Each structure stands twice: as C-alpha cells, then as structure tokens.
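A.B. asks:
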Amino acid sequence: MSRARVRLISCLPLLFGAVVWVSAANANVLRLKTAVSSSSTSFSDEESGSAFSDAQSWLGPGGTLTEDAIHHLIEIIREDAQGAALVAQSIQKARETAHEPFWKVISVCPVGMSPNILGQTNRGERLTIFEGRDLEESTQNLLADGTTNTAHADAFYQSRIEQDRADDGISPDAPEQVKYFRDLVLIKLMTHYPGICLRANLSVDDAVSTLYHEMVHYIASDWSLWPKIGQYSGESDYELQQILRQGDEVDAYLSQWSYEIRKKGKSVLSPLLQPYFDDAGEFIPRDAQGADNRDAIAKLILGGKIFLGGEGYHGLRFVAEYANELRNEQNSQSILLNVLQQVATIDQKNLPYYQQTSSKLYEADQQSIARLPGEENSCKQRLDHINALIAQNVIP
C-alpha cells in the first residue's frame, strides 16, 4: 500500500565564509591581505622562470581559468610540508565527492561578489526526501529495539532512490545518505559537489594564500550536514560554536596564517595577531593566564578589528546565515509534520485492507497509528521552538 512521500530541496548552497582582506593596526596606512603585507615578496615565481608573476592575475596572461594556472598554485603550496598534506587531502576529497581531479572543483568567483571577499567554498547541495515507510518493509526489517536491519531496508528502497536520481538528473554515483525511523525514511542525495572559487583579480601570492585557506574548508565540507539550529540559544551562540567547529573560519585562518609565517616570517601578521604565534608559525593555544586563544581568535574574526573596513564575520556571514538556517528548519519541520499527518491518514485508510490480508501487517498498522500522534506532537514542539527563535531574532 502507498505511503506519503515528499521531496525537500535543500537551502541555497551551503557556503563557508570567504577569505577577506585583513588590516593592520592602521588600516589607512597598511593593507594586509589575509595578514600578508602587500609589500612582501612572492614565492620566487619570477625567479623560477614561470609565466605567472605576482604582479598579474593568478589566471596568467590569458586571463582565463586553465589547469596550468591552478596547478601552478598547487605546486607552490606543495613546497611546504603541511601544504603538501593539505593538497593530498583535497585531491582525495575531490575523488570521493566529485569523482574528478581536484583542479576541476576550483572556479573563478562570480562577478559582483563583495570586493573584500577573495575566495569561497561551497559545501555542496542536496535533495532531501521524507518518505513514509512501507509496512511491508518495516515489519520485516524493524528490530525489537526500534533500530532497522539497514542492509535489507536499503535493498528494498534502492530502486526508488535510483528513480529519484533519474527524475532529478542526479549522477548515479553521487553520494547518498539514508536514515530510518519507525515510520519514516529520510533520504539525502548530493546534487552538486563541493567546490572552491577564487577571485579573478588576485595576484599569484594572494591566490596561493586564499587557496590554502579554502582547502581547509574544502576537506571539512559535508554536503549532508544539517545544522541542528534549534540547539542554539540565539545568533551569538550559533556563530561562536560554528566558527570554532572543525574546518570553519578559526581553523582556516590559523592554518593560513601559520603557513604565511613559515614562508615569510611573523612580521607579515597584524600586530593584533602576532602574540598568538611563535616565530616558527606554531599557534600558541593558551595565553599566560591559561585562557583559550582559539576563543580570542574567534572573537577577532567575528568582530572585524583585524579586517579592512572593520566588518567581521558576524555581519559578513552569520547574521544572514543564522536567519536562513532558522527559515530552512521551519520549512523542513513544517513539511515533516505534513508528511506525518499524511502517513496517519493513509495508515487509517489501509487498516481494513490489512485486516483482511495479513494479521502481522494489521498489527503493525495499528502500532503505527498509535505512535504517530506522539511523533506529530514532537514535531510540533520542535516547530514551536523554531518559531520562537525566529520571533526573537531580527531577520534581515
């Protein structure tokens, strides 16, 4: 018998924050780009006889994106041992998600992007499907403890997933994620793989630093990630926890700044940042009083004191991102509630049929009908909580 089924297109592309221009103590005098002085030398690009000089766009003489232009940046990064390891991880990530060479996931950022943004990482996009679980399947594969025999259940739903791929033009080898609940199946299909963009007008030197930063984001990108936005007390709680998580801005900037110190020395950093690193570029995790320096770095990135123009990631990214995540969760919970109500209606209509054909299916249908009001109530509570967060948040 049929069960309710609804597709939910994910939110807009999931983006990590971009590299932005970084200022020194006096922004009117020094313009430090991601903490690298504009007067610093390049990584011996001209001395090596390369066609790519630091004074011109990283794209090279033709001004168009080429495999050679990207490989030139990668080879410079590979001169550093930690950079080489980061490149290797990025290559592996591209193989697993895009089934392509790493250079093919790098593009030129679109025209019209804020001039302070040097690059950006897209975590990927997904198609999410809520589907009522078939009783014929669940009676066989739902275990006594409420878990599922996933191998058998996966085989049951695989033909439907393949049809969903075909209907939406999704590659057969794109990653998928399936999660089973007592009465529902949650299916996520990757529709666009993660990628990196760099501004066209970056010098080779700036493009190298920007790509290094973005690779930290890229290897941590998770197309299936669905932030549990309801667990945060508000925007300030959300942004601080997000920026400190693995692969987000604190990790990316610390890696980038450490790399730049190894190449050029600590003097390239803003005076506000220098106390957090030793001369070898190693980050100092705690200050003399034992306070966590990662927290201090997070506040500098969010607040904007180290950035040209004074705008940090609070205004540049998180105010809008938090509002968008609240809207996305409101939408998804509303759809989930609708699916649960549809399942309840269908279960009730199917009851006479199962009573005539199978006592086991009839019993399972009765149990599902009894469970669904509780599941609906739980969903309503989550939706009420999200609506309360939206009401207390000033959404632009």
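Residue numbers (the numbering used here): 406 to 801.
We treat Cβ as the ideally placed atom computed from N, Cα and C, and that holds for glycine.
Computed from a predicted structure; not experimentally measured.
#1: Closer than 8 Å by C-beta to Ala474: which residues in its own chain qualify, once you throw out the five before and the five after it? Chain order, please.
#2: Mind checking which residues open and close the alpha helix (DSSP H) that includes Met620?
#3: Looking only at its chain, what residues have a beta carbon closer than 6 Å to the beta carbon of Asp569, apart from the 5 residues adjacent to it on each side?
#4: For His504, which residues in the same chain have their Cβ closer than 7 Å to its Cβ, ignoring the five residues on either side in sequence?
#5: From Gly652 to Asn782, what does the alpha carbon distance come to, in whole angstroms?
#6: On the premise that Arg538 lies in contact with Leu589, defined as a C-beta separation below 8 Å, what is that separation, rounded to the nearest angstrom?
#7: Can you check the segment 708 to 765 for any alpha helix (DSSP H) of at least 4 residues that lies completely inside it and give the ranges in chain order?
#8: Using a Cβ-Cβ cutoff of less than 7 Å, which residues in the same chain neighbour Glu452 once the five nearest sequence positions on both sides are dropped?
#9: Leu794 to Gln647, Cα distance in whole Å?
#10: Is it buried or exposed, Thr439, if we count other Cβ atoms within 10 angstroms and call 16 or more buried?
#11: Would you say Glu868 and Val673 are within 9 Å of each other, going by their C-beta atoms?
#12: Kindly indicate the opening and closing residues of the alpha helix (DSSP H) around Phe561.
#13: Excluding the 5 residues preceding and the 5 following Ala749 in the sequence, name in chain order all residues of the same chain whose CB lies nearer than 6 Å to its CB.
#14: As a quick exercise: from Lys754, Leu470, Lys668, Glu530, pick the residue whose alpha carbon is nearest that of His597.
#15: Skipping 5 residues on each side, what residues in its chain have a beta carbon closer than 7 Å to that of Glu501?
#16: Label Asp550 either buried or exposed according to how many other C-beta atoms from any shown protein chain fall within 10 Å of its C-beta, with 16 as the threshold for buried.
C.D. replies: If we stick to the structure as given:
#1: Phe457, Trp463, Leu464, Gly465
#2: 609 to 625
#3: none
#4: Asp578
#5: 36 Å
#6: 6 Å
#7: 724 to 762
#8: Summary for Glu452: the model assigns pLDDT 25, below 50, so the residue's position carries little reliability; its value from the coordinates is reported in the next sentence. Nothing listed; no residue qualifies.
#9: If you draw a straight line from the Cα of Leu794 to the Cα of Gln647, it is about 17 Å long.
#10: Unreliable positioning characterises Thr439 in this predicted model, as indicated by a pLDDT of 34, which lies under 50. The coordinate reading is nonetheless provided below. Result: buried.
#11: With the chain represented from 406 up to 801, any question about residue 868 goes unanswered, as that position is not in the structure.
#12: 555 to 573
#13: Hits under 6 Å: Leu777.
#14: Glu530
#15: none
#16: exposed
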